[in-house]
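Chemist: Heads up: the sequence shown is residues 4 to 138, going by this note's numbering.
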Amino acid sequence: MAEKLGPEDEAQPGSAGDKSEAQSGKGGLDARLDRLNRSLTEHNEREEAEQKRLTRSGNASGFAAAMKMSSELIAGVGVGTLIGWLLDKWLGTAPWAMAAFLLLGFAAGVLNMLRSVGKIADPADEFRRKDDGSD
Numbered sequence: 004m005a006e007k008l009g010p011e012d013e014a015q016p017g018s019a020g021d022k023s024e025a026q027s028g029k030g031g032l033d034a035r036l037d038r039l040n041r042s043l044t045e046h047n048e049r050e051e052a053e054q055k056r057l058t059r060s061g062n063a064s065g066f067a068a069a070m071k072m073s074s075e076l077i078a079g080v081g082v083g084t085l086i087g088w089l090l091d092k093w094l095g096t097a098p099w100a101m102a103a104f105l106l107l108g109f110a111a112g113v114l115n116m117l118r119s120v121g122k123i124a125d126p127a128d129e130f131r132r133k134d135d136g137s138d
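(1) Looking at the structure shown, is PRO10 part of a helix, part of a strand, or coil, going by DSSP?
(2) Go ahead and label MET70 buried or exposed: buried means 16 or more other beta carbons lie within 10 angstroms of its beta carbon, across all protein chains shown.
(3) Using the three-state DSSP reduction, which class does PRO98 fall into: helix, strand or coil?
(4) I need the straight-line Cα distance from LEU106 to SER60, nearest angstrom please.
(5) Taking just the CA atoms, how far does PHE130 sit from GLY112?
(6) How many Å lie between ARG56 and GLU48 at the Cα?
(7) Hey, could you find the ends of the alpha helix (DSSP H) LYS133 is sitting in?
(8) Under 8 Å, do ASP125 and ARG132 count as touching if we go by C-beta distance?
(9) Which value, in whole angstroms, describes the spacing of the CA atoms of ASN33 and GLU53?
(10) Let me know the secondary structure DSSP gives GLY87 once reduced to three states.
(11) Could you name the residues of the same chain whose beta carbon sits closer than 8 Å to that of VAL120, not counting the 5 residues immediately before and after it, in chain order?
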């Protein structure tokens, strides 16, 4: 026959049985907390590595865009100066044609730079839109 336990026989808070349960629960909590910390550390390390990779590729991309823009400007000025110099030699009007074409070359270089960054639409795109009728 089953004995009935009285209130003095039941586990009281703070008794030895309760302490062992608290300690095992605390140990489980510590283990889960350690796993969480390891997981967060690994995640943060992966995020930092990805951020470094994106920063490096972003810097390379910015450098490439800067080189493209500077070459657009230098090419415009160089071609304008060369055309002006050749016209001056041929017509004997030194230095007027070179000065005029130097300025035109500078304007063309700035215009090409603005087109390359998308501030001004490419004229070929406008003609294509007019031909398509999507104006």
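A virtual CB, placed ideally from N, CA and C, is assigned to each residue, including glycine.
Modeler: The structure says:
(1) Its pLDDT being 49, under 50, PRO10 is placed unreliably by the model, and nothing is read from it.
(2) MET70 is exposed by the Cβ-count criterion.
(3) In the structure shown, PRO98 sits in coil (DSSP, three-state: anything other than H, G, I, E or B).
(4) A direct Cα-to-Cα measurement between LEU106 and SER60 gives close to 36 Å.
(5) If I take the Cα positions, the gap works out to 22 Å.
(6) Computed Cα separation, rounded: 12 Å.
(7) Run containing LYS133: 126-135, per the alpha helix (DSSP H) assignment.
(8) Result no, Cβ atoms of ASP125 and ARG132 do not sit closer than 8 Å.
(9) Sequence check: residue 33 is Asp here, not Asn. So the alpha carbons of these two residues sit roughly 30 Å apart.
(10) In the structure shown, GLY87 adopts helical secondary structure according to DSSP, grouped into three states.
(11) Result list for VAL120: ALA68, MET72, in chain order.
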